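Q:
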Amino acid sequence: MSLDLSNYRDLALALLPELVLTLAAVVLLLVVAWRHQTRADLRVAAWVAWWGLVAAAVAVWWLWWNTARAAVIPPPVHPPMIAVDDFRFVADWLVLGTAALTVFVSFDYLERESLLVPEYYVLLLFATLGMMLMAGGEDLMMIFLGLELMSVAVYVLAGINRRSAPAAEAALKYFLLGAFASGFLLYGIALAYGATAATNLTLIGVQVTTLGLQKSTMLLIGLGLLLVGFGFKVAAVPFHMWAPDVYDGSPTPVTGYMATAVKAAAFAALFRVLGEAFGAVPAWREIVWWLAVITMLVGNVVALAQRTLKRMLAYSSVAHAGYVLVAVAAGTPAGAAAFVFYLVAYTFMTLAAFALLAAKGRDGERDVRIDDLAGLAQRRPWLAFALAVCMLSLLGFPGTAGFIGKWYILVAATQSGQVPLAAILVLASVISAGYYLPVIMAMYMKPEPFEQAHGGMRLGPLGSIAVAVSVAGLLFFGVRPNRLLDLARTSGAAVRPAPAATSGGGARPTAPKLAGN
Amino acid sequence: MLLAPALSVSAVLFTLGVAGVLLRRNAIVIFMCVELMLNAVNLTFVALAQQLGVAGQLFVLFVMAVAAAEAAVGLAIILAIYRHRHTVNLQNINLLKG
Chain A
613 MSLDLSNYRD LALALLPELV LTLAAVVLLL VVAWRHQTRA DLRVAAWVAW
663 WGLVAAAVAV WWLWWNTARA AVIPPPVHPP MIAVDDFRFV ADWLVLGTAA
713 LTVFVSFDYL ERESLLVPEY YVLLLFATLG MMLMAGGEDL MMIFLGLELM
763 SVAVYVLAGI NRRSAPAAEA ALKYFLLGAF ASGFLLYGIA LAYGATAATN
813 LTLIGVQVTT LGLQKSTMLL IGLGLLLVGF GFKVAAVPFH MWAPDVYDGS
863 PTPVTGYMAT AVKAAAFAAL FRVLGEAFGA VPAWREIVWW LAVITMLVGN
913 VVALAQRTLK RMLAYSSVAH AGYVLVAVAA GTPAGAAAFV FYLVAYTFMT
963 LAAFALLAAK GRDGERDVRI DDLAGLAQRR PWLAFALAVC MLSLLGFPGT
1013 AGFIGKWYIL VAATQSGQVP LAAILVLASV ISAGYYLPVI MAMYMKPEPF
1063 EQAHGGMRLG PLGSIAVAVS VAGLLFFGVR PNRLLDLART SGAAVRPAPA
1113 ATSGGGARPT APKLAGN
Chain B
56 MLLAPALSVS AVLFTLGVAG VLLRRNAIVI FMCVELMLNA VNLTFVALAQ
106 QLGVAGQLFV LFVMAVAAAE AAVGLAIILA IYRHRHTVNL QNINLLKG
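As they're listed, the protein sequences go chains A and B. Each residue of the first sequence is one higher than the one before, counting from 613 in our numbering. Each residue of the second sequence is one higher than the one before, counting from 56 in our numbering.
(1) Less than 6 Å between C-beta atoms, sequence neighbours within five positions excluded: which residues of the same chain meet that for A/Phe844?
(2) So, do the stretch 747 to 757 of chain A and the stretch 81 to 94 of chain B have three or more beta carbon pairs nearer to each other than 8 Å?
(3) How close, in whole Å, do the beta carbons of A/Pro1005 and A/Ala957 come, if the pair is a contact with beta carbons under 8 Å?
(4) Are A/Ser928 and A/Ala939 touching if we call contact CB-CB under 9 Å?
(5) Going by DSSP in three states, A/Ser614 sits in which element: helix, strand or coil?
(6) Counting only beta-carbon separations shorter than 9 Å, does B/Thr142 have a partner in chain A?
(7) Cβ of B/Leu71 less than 9 Å from any chain A Cβ?
(8) Counting pairs of beta carbons, one from the stretch 985 to 992 of chain A and one from the stretch 1007 to 1022 of chain A, are three or more of them closer than 8 Å?
(9) Which residues in the same chain as A/Ala1065 place their Cβ atom closer than 7 Å to its Cβ, once the five residues preceding and following it in sequence are excluded?
(10) Would you say A/Lys785 lies against chain B (beta-carbon separation less than 9 Å)?
(11) Quick check: the Cα distance between A/Gly749 and A/Ala661, rounded to an integer number of angstroms?
(12) On a CA-only basis, which of A/Pro865, A/Gln1027, A/Phe1062 is nearest A/Leu769? Give me that one, please.
(13) May I ask you to list, following chain order, the residues of the stretch 751 to 772 of chain A that have a beta carbon less than 7 Å from some beta carbon of chain B?
(14) Which residue's Cα is closest to the Cα of A/Phe966: A/Leu937, A/Val1107, A/Pro945, A/Ala998?
(15) I'd like to know whether the C-beta atoms of A/Ala942 and A/Ala1025 end up nearer to each other than 9 Å.
(16) Going by DSSP, what residues sit across from A/Ala682 in a beta bridge?
(17) So that I know if they touch, is there some Cβ in chain B lying closer than 9 Å to that of A/Val866?
(18) Comparing the C-beta of B/Val64 with each C-beta of chain A, is any distance below 9 Å?
(19) Please list, in chain order, all residues of the same chain as A/Asp720 whose beta carbon is under 7 Å from its beta carbon, the five residues on each side excluded.
(20) Count the other CB atoms within 10 Å of the CB of B/Thr70; is the residue buried (16 or more) or exposed (fewer)?
(21) State buried or exposed for B/Gln105, treating a residue as buried only when at least 16 other CB atoms are found within 10 Å of its CB.
(22) Mind pulling the chain B residues with CB within less than 7 Å of A/Phe792?
(23) Grouping DSSP H, G and I as helix and E and B as strand, with all else coil, what is B/Ile148?
(24) Considering only their Cβ atoms, is the gap separating A/Gly947 from A/Arg1108 smaller than 9 Å?
(25) Answer yes or no: does any C-beta atom of chain B fall closer than 9 Å to that of A/Ala777?
(26) So, with DSSP's three-state summary, where would you put A/Arg981?
(27) For A/Ile801 and chain B, any beta-carbon pair shorter than 9 Å?
(28) Looking at the structure shown, is A/Leu822 part of a helix, part of a strand, or coil, going by DSSP?
(29) Please list the residues of the stretch 1042 to 1065 of chain A that have a C-beta atom closer than 8 Å to any C-beta atom in chain B, keeping them in chain order.
(30) For A/Ala881, decide whether its Cβ has a neighbour in chain B, counting only Cβ atoms nearer than 9 Å.
(31) Could you tell me which of A/Leu617, A/Phe879, A/Leu838 sits nearest to A/Phe699, measuring between CA atoms?
(32) Assign A/Ile772 to one of three DSSP states: helix, strand, or coil.
(33) How big is the Cα-Cα spacing for A/Pro1059 and A/Pro993?
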């Protein structure tokens, strides 16, 4: 199915998933405006949100099934702002799936913590909508708006528990640093626009090659600022200092959502920007290389020193951003496939780990230490098994999706000649055993400290489904990764700079070249 | 043609905003410095749009709308933290550490 995005009917079809989700969010907003007092209202809101997410996922599936692609538009018309390719579809499924699982995890959590705020689900839908726009944005303007829609909703989600002082502090820190990062991102966009006279990713790529801007000062500064902005959003060292505090203070289902969906969406947008707009600029590979190295090392070493489970998982998510950056730095088709595969695997394992933490603790789960899990295997064998699978997968143990993902990243890195990077990845994984394995040891090898130590641990039926789905996915793709890998390969291959011949005419021939500042 | 001076001024404004965020400790002042950064970017866009076409001016409108939305949420968050801690000074807001 070829969609001519210059006519409204086809444009509406191309935007169908986003439109469906917008409709669901607005309907939910109206429902919540009238019904927001009892626990029953909370459940209604959760189900409306869940079905909205499912409907959007079906719309994505429909586009994917019909192999929808944007038709090539002749030069005088501005190129489309939204991509219609497999990368967008897979990223959409990932964020929609994460949001749907988060709804399930939150379902019992909000009631248990007496957080009777059905607006929670509205914000979740809007944040997911922003992520879909980021992952599909073909124009820096679209990516910026998607990012802000996501961020503003997630700032509020972080502080949704108004009775909790740590949650308010987390929201404040996230807001201030998020807005700071947006400033960098925006200045980067402005300078890229100044250097190339375009905000469309494909056009930027074309302009860079036709005007030979690879060494343009303005473009390079713009690229650097864009990387700083995205670095904050994916929590790469040295732009990670907000992440542990914010993850620690937020309600745990929100933390799980931030650590997975927000990061995945930011990575998807970063990947598209680097691949399509800056594919011809070699400078970013060097920067991403260094970011990956220090993110892996610092994330893992600091995670070793953490005592509480929540902060440990927060630093672990910083470390995993480093692994994904290795796949980005590889910059080959194999790297792209590994990138998508690892994002999917990482999302499942981290979301399930945070869901299990939410079941264990109370009042934000900030005080759950690793030793508090002692003896969990005797008392609650299935929960212990699920957490053990998550930890092994995060570690990259063979038989789990985490291992396959890391394996493909290693292969991609060595194939593209980045052997030192691959070696550091292995070293970082070895360090990470020092904090993942104690969790398993505590659960299986230590006795329960006192009778009923795990009596209060409760994962509701829907939360159990979410965890079971994630763990089953981890084990399944750990043994049979082929289908997911094929999907990752085709979707990763969709992100590439446009050949200058086909859309080169779209660049304004009169665009002046601004040299430097 | 005022392109070079306009770009220089906006670069200086942006740097001032960044310095303010890094050096000041009052949440509201930090937020104002972030707004300064965004407005520096707006100035860059408008100056560039003189030569490069209307996209830059369009971008400015979106940035202003987004900044307004951010201000609404941000001030609400600052109010929430004031209710808990009776201060908006980041040096005293330190429950999350370690």
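C-beta: ideal position from N, C-alpha, C; glycine also. Computed from a predicted model, the values in this text were never measured in an experiment.
A: The structure says:
(1) Ala793, Phe851
(2) no
(3) The sequence shown places Ser at residue 1005 of chain A, rather than the Pro named in the question. Indeed, because the Cβ distance is near 7 Å, the residues count as touching under 8 Å.
(4) no
(5) strand
(6) no
(7) no
(8) no
(9) Gly987
(10) yes
(11) 24 Å
(12) A/Pro865
(13) Met753, Leu757, Glu760, Val764, Tyr767, Val768, Gly771
(14) A/Ala998
(15) yes
(16) A/Leu615
(17) no
(18) no
(19) Gly1072, Leu1074, Gly1075
(20) exposed
(21) exposed
(22) Val76, Val89
(23) coil
(24) no
(25) yes
(26) strand
(27) yes
(28) Checking the sequence shown, residue 822 of chain A turns out to be Thr, not Leu. Correct three-state label for A/Thr822: helix.
(29) none
(30) no
(31) A/Phe879
(32) coil
(33) 13 Å
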